[in-house]
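Quick note on numbering: our numbering labels position 19 of the sequence shown as 36, and the sequence is numbered without any gaps.
Notes follow once the structure below has been shown.
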Amino acid sequence: MSATSDTGVADVTATYCTRCGKLPDEADHTACARWLAAEEPPRFCAQCARRMKVQVVPTGWSAECSRHGALSGGAGV
Ligand SMILES: [Zn+2]
Ligand SMILES: [Zn+2]
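Structure, rendered in structure tokens:
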């Protein structure tokens with residue numbers, strides 16, 4: 018049971034912006050979305066908003082949350 022707003026987003030759990038670490042309602046993420054779409058690495062964990070340890074690698078990036086483990090992405094994915 019979740020109170021879904023009329024934005025069309027039906028996520029059950031709150032997901033933090035991986036670029037600025039704020040909730041979707043908390044800030045304007047237009048620039049964040051553009052930044053992430055450009056295959057730049059995220060900086061914050063989507064699940065806990067902790068700052069992740071980010072490494073840029075030749076194929077893209079890897080980012081590690083101390084609680085939720087590593088993510089990777091970029092051109093090689
Ligand atoms: Zn953002
Ligand atoms: Zn996390």
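Built from N, CA and C at the ideal position, the CB exists for glycine as well.
The model shown is predicted, which means the values in this text are computed figures rather than measured ones.
A direct Cα-Cα distance of roughly 12 Å separates Glu56 from Arg36.
For Leu88, the secondary structure class from DSSP, reduced to helix, strand or coil, is strand. Between Pro41 and Cys49, the beta carbon gap of about 10 Å keeps them out of contact (Cβ cut-off 8 Å). For Lys70, the pairing in a beta bridge is given by DSSP as Glu81. For Cys49, the enclosing alpha helix (DSSP H) stretches over residues 47 to 54.
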